[in-house]
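The numbering used here numbers the first residue of the sequence shown as 18 and each following residue consecutively.
We treat Cβ as the ideally placed atom computed from N, Cα and C, and that holds for glycine.
Here the structure is a predicted model, which is why all the values come from computation and not from measurement.
First the structure, in the form of structure tokens, and then the observations on it.
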Amino acid sequence: MGDRFGKTGFRILAYMSVALAAAGVVLPLLPTTPFVLLAAFFASKGSPAFAKWLEDHPRFGPAIDQWRTRRAVPARAKVLACSMMALSWGMLFALGASGVVLGISGVFLCGTACYLLTRPSY
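Written out as structure tokens, the structure is:
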């Protein structure tokens, strides 16, 4: 019984992630690639048929394939992700967040950006 509920949870997370990815296709500030990769991960755990659909999708499939085979992220996704992280940190600064919040968030955002930028592009 617990396995069924786990699969349902993964399936729901996969559908939510693909909805956010689809929104990212048309909204310039919302990245698509991270949500596609999340959807592929969740779908592989909860719905093999949905995972197959994602892998065969003309828009989402190549990003999933490149991540799985080479751990590659598109250059456009890297630029957008780093820009949004910088904008987010800048907004925290402009809104007067405390030094502790700025420091901790800055360390995590820089670490994430460094990881992302060291991945190959395609």
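Next on the checklist: Do Ile81 and Leu37 have their beta-carbon atoms positioned less than 9 Å apart in this structure?
Outcome noted: Taking 9 Å as the cut-off, the Cβ atoms of Leu37 and Ile81 do not count as close.
Next on the checklist: Measuring straight from C-alpha to C-alpha, what distance separates Thr86 and Pro137?
Outcome noted: Thr86 and Pro137 have their C-alpha atoms some 11 Å from each other.
Next on the checklist: For the pair the region 21-32 and the region 60-79, tell me if three or more CB-CB distances fall below 8 Å.
Outcome noted: In short, these stretches touch, since the Cβ pair count reaches three.
Next on the checklist: If distances are taken between C-alpha atoms only, which option among Pro51, Ala66 and Ala114 comes closest to Ala92?
Outcome noted: Pro51
Checklist entry - Would you report the Cα separation of Met18 and Ala66, rounded to the nearest angstrom? => result The predicted position of Met18 is uncertain, since its pLDDT is 41 and thus under 50; no value can be drawn from it.
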